[in-house]
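Residue numbers (this note's numbering), protein chains in the order written: chain D, 53 to 512; chain L, 45 to 305.
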C-alpha cells in the first residue's frame, strides 16, 4: 500500500470535495485554453488586415503615380456605389464599370477637349447600368438591409490598339479567355461575378439590352464599396448601339503631355464644361490620403480593441487562476483540518513529516490531473461560448468591408477561437492546472506535516 | 531480572495557561524492564496520557529525561523522532484510529511504510500479526465492517508491525463493552506472556489495570509511591497513609480524611 494508492483512495472517498476542486480547476483550465488562442487569432487577423491595407494603399499609390497626367472627366459626381446603398465609402480610382451614368455628353466634346493646349490623348467611355435590377440583402453588424442594384453595368471602351497598349483602359486580371482587342464587336469581357450570376463561361452567350454577345474572357473585378459590381466590357460602338446612346460618352480620360500641364487643362475643362466633374492626380492623392487616414484610424481602433481584449483576457485568466488557487487552498486546508486526527495517528505510528506532506500533495496533484482532463473536455466543447461570455465581442470595423485577399474583418473572437484551439495551449493549460493543484496543496500539506502528533490526536 | 528497557529521570512537564504555570508531570522516576506489563492508573487530569506521550516521543518534557534502549530520546530532534516512533514504539489508542479507507491488512502494513521491507514482506508480516490477534479471516474488511473489539485487535496488530521495543496503550478498552474489553486485555496479556512484548497501558478501569503485572498510580502529575502487583490488586486494598482508611486506586483524595493520596 503505497502513498499513491492511499492518495487515490482518499480522492475517491471524498467525492464532493474532489468534484468541487475538479469543477473549479476544470473551468479555470477551460478559460486558459479558450481565451489566449482567441487573442492570438485576432492579433494575427489584425496583422493580416494591416498588411492588406498597406499593400492596397501602396498599390493605389503606384497607380496614382502612374496616372500623374490623367484627368478624369465624369458626367456623374459619385461612382462605385449602386443606387439605394448608403454612401460614404472611400473614393479612389473609379473601377471599370461605374454603376451610375445617367448623364451623357456628345462625342464632339472629345475633339474640343483634344484641342486644348497640353492635351496629349483623350479616351471616351460609355457607362450604363442595366434596366433590370436585383434585390439583395446585405448583412452588417448594424443589421441587415435590402438594396436594389442593376444586374450588370456596361462599360464601353474605345478599342483602339494605341489606347489599349498605352493606357490602362481595360481590366488586367483576366482569369480565363482573352481580353478585348481592337476591332472586337459582338463580344464582351465579363467580370467573374457576372458570369457566376448568369451561369455562363467563356464562349457563352449573354444578353445585353436584348442583344446577344459572346463572352471572350472573364476578369476578376477589383472592388471598392460594399459590392463588387457586375461588369460587362465591350467596344464603345456596341455599347452606344445597345443602350441607344449613339455618339454619346459618359466619361472621358484626358491625358496631358506632362504633369505640369494637368492643372491648366483641368481648369479649362471645368470652366468650359460645367456638367463634367474633373478629377486630377492631386484629387486622387487627396482621396488616397483621406483613405489612409480613415484606415489608420480603423486599424488603431482595431488594435486598441485587441489591446483592451488582451487586458480583459489577462484579468480574466488572473482572476480564474487566483480563484482556483484559493479554492484548492481552502479545500485542502479544510481537508487537513478534517483529517487532523488521521495526521496525528500517522505521525504516532511512525510517519515522517515528508511522508505526511507527500500524501497530501499527491492528493492535490491527482485531483488536478482529473481536473486537467475535465478542463480539456470543457474547453474543447465550450471555448466559443466561454470566450463570448468572458470577452468583449470584437467588431473591428463597424461595417464589413471586403478587400482583396484580406481576412473577413468582421470575424469575431468566438469565430476565431473555434479554429484556434491547439494541443500546445492545452498542454500548457494542463501543466498550469496541475501546478495550481500542487501549489494550492503545498501550504496545507506543509501544515499537515508540521502538525504536532500529540495535539492532532486530541483533535475531535 | 530482565534488562532495563526504559527509564525516566526526574521527568517533568509544565505549560503556561492564562499566565499560570500548570505542572502536568513532576519528578517522575520510572523504570520499565523488558517484558513488563505495566498499567498506569489515576484520575482524570493526573497526567497519565501526558506521561504516555513523553514515553512515546509524541511530546517533549520540560524537565528530566527519558531513556529508551539506552538512548536519551528527549535529546533527539523533532525531525528524527519519527524513527523512534516507527521502530521502537507501538501505539494503541482508545478510539482505535484506524484509517477508514484501508482494510485490516493495509492498516497493519501502514507503519511499515518507509521501512526497508519489501511489499511481500510487509504483507507477510501483516498477515502473521492478524493471525496473532485472531483476525486472519477479516484481513480484507475495512474498519466499518469490523466490530469495536475487532478494530482494536487490528490496532494492536498495527502497533506490533515494526516489532517495537514497547507498546503504549492509551485506554485501550475505554471504548469497548464489558465482554470485548476482557478479550482485548487478555490479548495484551497473551502478547506479553507469549511474545515477551513490553506493554505500558493507561487506564481508568481498575479491573482492567489489574491484569497488568505492575500497577502504577499517578496523582496530580506525580507517581505515587504505592505500587501494586496487578494480579493481587483485588485482595490488597490501598490504604490512606494518613488515616489508614481503605481507598480505591482511582481515588485522588482519601474519602475519610480528604488527604491527597
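Beta carbons are placed, not taken as given, at the ideal position from N, Cα and C, and that holds for glycine.
All values reported here derive from a predicted model rather than from experimental measurement.
{"Check": "So residue 187(D) and residue 329(D) are supposed to be a Cβ contact under 8 Å. How far apart are they, rounded?", "Outcome": "29 Å between Cβ atoms; not a contact."}
{"Check": "Using three-state DSSP, classify residue 158(D) as helix, strand or coil.", "Outcome": "strand"}
{"Check": "In chain order, what are the residue ranges of uninterrupted alpha helix (DSSP H) at least 4 long that sit wholly in the stretch 281-357 of chain D?", "Outcome": "288-295, 314-324"}
{"Check": "With a threshold of 16 other CB atoms inside 10 Å of the CB of residue 274(D), please say whether the residue is buried or exposed.", "Outcome": "buried"}
{"Check": "So the candidates are 218(L), 242(L), 134(L); which of them puts its Cα closest to the Cα of residue 248(L)?", "Outcome": "218(L)"}
{"Check": "To the nearest angstrom, report how far apart residue 511(D) and residue 422(D) are at their CA atoms.", "Outcome": "31 Å"}
{"Check": "Determine, using beta carbons only, whether residue 77(D) and residue 420(D) come nearer to each other than 8 Å.", "Outcome": "yes"}
{"Check": "Taking Cβ positions only, does residue 506(D) come closer than 8 Å to chain L?", "Outcome": "yes"}
{"Check": "Going by Cα to Cα distance, which pick from 203(D), 343(D), 189(D) is closest to residue 197(D)?", "Outcome": "189(D)"}
{"Check": "Work out the CA separation of residue 354(D) and residue 338(D) for me, nearest whole Å.", "Outcome": "24 Å"}
{"Check": "How would you write the range of the alpha helix (DSSP H) that residue 194(L) sits in, first residue to last?", "Outcome": "192-203"}
{"Check": "Using a 10 Å radius around the Cβ and a threshold of 16 neighbouring Cβ atoms, would you call residue 188(L) buried or exposed?", "Outcome": "exposed"}
{"Check": "Pull up the DSSP beta-bridge partners for residue 109(L), would you.", "Outcome": "53(L)"}
{"Check": "Name the two residues that bound the continuous beta strand (DSSP E) containing residue 63(D).", "Outcome": "Taken as a continuous stretch (DSSP letters only), residue 63(D) belongs to no beta strand (DSSP E), being part of the alpha helix (DSSP H) at 55-65."}
{"Check": "For residue 312(D), which of 74(D), 105(D), 272(D), 123(D) has the nearest alpha-carbon?", "Outcome": "123(D)"}
{"Check": "Using only alpha-carbon positions, find the residue among 271(D), 349(D), 376(D), 119(D) that is nearest to residue 282(D).", "Outcome": "271(D)"}
{"Check": "Could you tell me whether the stretch 155-165 of chain D touches the stretch 360-380 of chain D, using the rule of 3 or more Cβ pairs below 8 Å?", "Outcome": "no"}
{"Check": "Are three or more beta carbon pairs between the stretch 183-198 of chain L and the stretch 142-150 of chain L nearer than 8 Å?", "Outcome": "yes"}
{"Check": "Within 8 Å of any Cβ in chain D, is that where the Cβ of residue 141(L) sits?", "Outcome": "yes"}
{"Check": "Output yes if chain D places a C-beta closer than 8 Å to the C-beta of residue 87(L); else output no.", "Outcome": "no"}
{"Check": "With residue 239(D) as the anchor, note down where its beta strand (DSSP E) starts and where it stops.", "Outcome": "239-243"}
{"Check": "Name the two residues that bound the continuous alpha helix (DSSP H) containing residue 240(L).", "Outcome": "It is not in any alpha helix (DSSP H) - residue 240(L) carries neither H nor E in the DSSP assignment."}
{"Check": "What residues in the stretch 353-370 of chain D have a beta carbon less than 7 Å from any beta carbon of chain L?", "Outcome": "none"}
{"Check": "Identify each residue in the stretch 86-108 of chain D for which the Cβ-Cβ distance to at least one residue of chain L is less than 7 Å, and report them in chain order.", "Outcome": "none"}
{"Check": "Using a Cβ-Cβ distance cut-off of 8 Å, determine whether residue 482(D) contacts chain L.", "Outcome": "no"}
{"Check": "Give the straight-line distance between the Cα atoms of residue 87(D) and residue 348(D), rounded to the nearest whole angstrom.", "Outcome": "27 Å"}
{"Check": "Could you give the residue range of the alpha helix (DSSP H) that holds residue 505(D)?", "Outcome": "505-510"}
{"Check": "How about residue 402(D) and residue 155(L): are their beta carbons less than 8 Å apart?", "Outcome": "yes"}
{"Check": "Under DSSP, the beta strand (DSSP E) around residue 172(D) begins and ends at which residues?", "Outcome": "171-181"}
{"Check": "With a cut-off of 8 Å on the beta carbons, I'd call residue 490(D) and residue 417(D) a contact; round off their distance for me.", "Outcome": "5 Å"}
{"Check": "Alpha carbons only, please: which of 65(D), 66(D), 206(D), 70(D) is nearest the one belonging to residue 424(D)?", "Outcome": "70(D)"}
{"Check": "Does DSSP classify residue 232(D) as helix, strand or coil?", "Outcome": "coil"}
{"Check": "Between which residues of its own chain and residue 492(D) is the CB-CB distance below 7 Å, once the five residues before and five after are set aside?", "Outcome": "377, 380, 381, 384, 416"}
{"Check": "Check whether the stretch 51-60 of chain L and the stretch 491-507 of chain D touch, using three or more Cβ-Cβ pairs below 8 Å as the test.", "Outcome": "no"}
{"Check": "How many Å lie between residue 466(D) and residue 346(D) at the Cα?", "Outcome": "Legend: pLDDT at residue 466(D) = 38, less than 50; position of this residue unreliable, value from coordinates given subsequently. The straight-line gap from Cα to Cα measures roughly 26 Å."}
{"Check": "For the putative contact between residue 181(D) and residue 155(D), defined by C-beta atoms under 8 Å, what is the C-beta separation to the nearest angstrom?", "Outcome": "13 Å between Cβ atoms; not a contact."}
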